[in-house]
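Asker: Here you go, one structure.
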Amino acid sequence: MAGLGDLAAAGLALTIEDAVATVTLSRPERRNAMTPSMWHGLARIGRAVPANVRVVIIRGAGPSFSAGIDLRMFSADGVPGEERTTNPSDPGFDESIAGLQAGYTWLRNPAFVSIAAVQGHAIGAGFQLALSCDLRVLADDAKLCMKEPALGLVPDLTGTKPLVDIVGLPRAIELCLTARTVSADEAWQLRLAELVVPVAELEAAVSDLVAALLSTDMAAARATKALLALAAGNSLAEQAAAERLAQAKLLAARSQR
Ligand code: ACO
14 MAGLGDLAAA GLALTIEDAV ATVTLSRPER RNAMTPSMWH GLARIGRAVP ANVRVVIIRG
74 AGPSFSAGID LRMFSADGVP GEERTTNPSD PGFDESIAGL QAGYTWLRNP AFVSIAAVQG
134 HAIGAGFQLA LSCDLRVLAD DAKLCMKEPA LGLVPDLTGT KPLVDIVGLP RAIELCLTAR
194 TVSADEAWQL RLAELVVPVA ELEAAVSDLV AALLSTDMAA ARATKALLAL AAGNSLAEQA
254 AAERLAQAKL LAARSQR
């Protein structure tokens with residue numbers, strides 16, 4: 014596929030089988046620690062997803078989903094081959110972080126449903142990646158942690174909105190400002206997981222979910238995801254109008270086939 018660049022060098026692998034794209038964070042020896050190359054690679058994948066893809070799975074190789082930012086980024090030497098963290102006084106600072114966030118925001122595209130398959134640790138930037146997916150399937154050994162405030166940072170990879178949307182503001186404050194670890198059991202209670210399964214069954218559980226998602230009509234599924242995403246920001250009247258419009262567009266497109 015054009016425009017993907019060197020994904021392996023970015024610590025990523027991509028496979029596409031029919032309507033299912035699987036993105037694997039592939040730096041297991043570092044627990045899939047993330048670098049700007051990886052975030053830019055994710056953004057390139059987001060821009061290149063073929064139009065027929067209906068499900069995107071994000072998974073991590075090895076025992077952890079992702080240990081978050083590669084901590085060497087904070088050292089004087091940095092990570093070989095990686096861009097240095099920009100200085101906030103640099104006029105390009107905002108744009109630079111926006112470029113990294115693009116590695117996350119594409120997962121909300123209504124063309125497909127994104128699923129995070131999470132085993133082991135999902136820390137900081139890794140937890141935010143799981144939060145950026147529409148659905149989370151957790152292995153029972155999953156450990157989620159928003160570590161940024163403990164390191165003197167704010168979470169800035171688009172994880173704060175989905176976290177608040179899912180767990181509510183008080184719990185989001187508590188989780189972030191204590192930087193404590195959430196077990197799979199608690200994640201289930203907090204609705205941070207759609208499903209929790211034994212670690213050996215994670216892949217099969219995701220496959221079952223994918224099969225169920227592919228069983229519905231493609232155009233209806235895409236229009237419904239787009240509609241649901243509007244609901245939180247709409248009044249009942251606005252959402253009712255959005256439903257009417259979406260239905261009209263869907264049926265009109267079908268009648269033209
Ligand atoms: N950055 C760079 N290297 C890492 C990272 C990381 N975030 N996480 C793990 N590694 C490396 C370790 O240094 C180690 O390397 P080595 O084999 O050369 O010593 C290797 O990955 C394996 O890590 P272990 O700690 O031995 O693995 P374990 O399974 O015992 O622990 C855990 C995993 C809990 C994830 C631990 O590695 C950890 O706490 N990592 C740091 C997590 C962190 O603070 N991330 C930053 C979050 S904030 C943000 O993302 C913005």
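My numbering numbers the first residue of the sequence shown as 14 and each following residue consecutively. We put the beta carbon where it would ideally sit given N, CA and C, even for glycine.
Where does residue 23 fall in DSSP's three states?
Answerer: For this step, residue 23 is matched to residue 10 along the sequence shown. Reduced to three states, the DSSP call for residue 23 is helix.
Asker: I'd like the list of long-range same chain contacts for residue 188, defined as Cβ closer than 8 Å, with 5 residues on each side in sequence excluded.
Answerer: As a first step, residue 188 is located in the sequence shown; it is residue number 175 there, counting from the start. Closer than 8 Å at the Cβ level, and outside the excluded window around residue 188, lie 159, 176, 180, 195.
Asker: Just list the beta strand (DSSP E) runs in the region 168-195, keeping only unbroken ones of 3 residues or longer that don't cross its boundaries, in chain order.
Answerer: Whole beta strand (DSSP E) segments, 3+ residues: zero.
Asker: Since residue 78 and residue 132 should fall inside the 8 Å C-beta cutoff, what is the C-beta to C-beta distance between them, to a whole number of angstroms?
Answerer: Position 65 of the sequence shown, counted from the first residue, corresponds to residue 78. Position 119 of the sequence shown, counted from the first residue, corresponds to residue 132. Rounded, the Cβ-Cβ distance is 6 Å, consistent with contact.
Asker: Can residue 161 be considered in contact with the ligand ACO, in the sense that its beta carbon sits closer than 7 Å to one or more heavy atoms?
Answerer: The residue you call residue 161 lines up with position 148 of the sequence shown. Correct: residue 161 has its Cβ closer than 7 Å to the ligand ACO.
Asker: Would the beta-carbon of residue 97 be found less than 7 Å away from any heavy atom of the ligand ACO?
Answerer: Residue mapping note: residue 97 aligns to position 84 of the sequence shown, counting from 1. For the ligand ACO, not one heavy atom lies less than 7 Å from the Cβ of residue 97.
Asker: Since I believe residue 116 is in contact with residue 20 (beta carbons under 8 Å), could you give me their beta-carbon distance rounded to a whole number of angstroms?
Answerer: Walking along the sequence shown from the start, residue 20 turns up at place 7. Walking along the sequence shown from the start, residue 116 turns up at place 103. Not a contact, Cβ separation roughly 12 Å.
Asker: Quick check: what's the CA-CA separation for residue 118 versus residue 268?
Answerer: Sequence index remark: in the sequence shown, residue 118 carries index 105 (1-based). Sequence index remark: in the sequence shown, residue 268 carries index 255 (1-based). For residue 118 and residue 268, the distance between alpha carbons rounds to 32 Å.
Asker: Relative to the C-alpha of residue 52, which candidate in 16, 24, 256, 232 has its C-alpha closest?
Answerer: Along the sequence shown, read from residue 1 onward, the residue named residue 52 stands at position 39. Comparing Cα positions, the closest option is 24.
Asker: What are the boundary residues of the beta strand (DSSP E) that residue 127 is part of?
Answerer: In the sequence shown, the residue the question calls residue 127 occupies position 114. Run containing residue 127: 126-131, per the beta strand (DSSP E) assignment.
Asker: What did DSSP end up calling residue 48 once you bin it into helix, strand or coil?
Answerer: Counting from 1 along the sequence shown, the entry for residue 48 is found at position 35. Here residue 48 sits in coil by DSSP.
Asker: Taking 7 Å as the cut-off, does the CB of residue 135 come closer than this to any heavy atom belonging to the ligand ACO?
Answerer: Walking along the sequence shown from the start, residue 135 turns up at place 122. No, the beta carbon of residue 135 sits no closer than 7 Å to any heavy atom of the ligand ACO.
Asker: Can you tell me whether residue 121 sits near the ligand ACO, meaning its C-beta is under 7 Å from at least one heavy atom of the ligand?
Answerer: Walking along the sequence shown from the start, residue 121 turns up at place 108. Residue 121 Cβ: outside cutoff for every heavy atom of the ligand ACO.
Asker: When DSSP labels each residue in this structure, what does residue 91 get in the three-state scheme?
Answerer: Counting from one through the sequence shown, the residue named residue 91 turns up at place 78. It is coil, neither helix nor strand.
Asker: For residue 263, collect the residues of the same chain with a Cβ closer than 8 Å to its Cβ; drop the 5 residues on either side in sequence, then sort them by chain order.
Answerer: Position 250 of the sequence shown, counted from the first residue, corresponds to residue 263. Excluding positions up to five away in sequence, the list reads 232, 233, 236.
Asker: Counting Cβ pairs closer than 8 Å, one from the region 133-141 and one from the region 246-259, do we hit at least three?
Answerer: Result no; under three Cβ-Cβ pairs closer than 8 Å.
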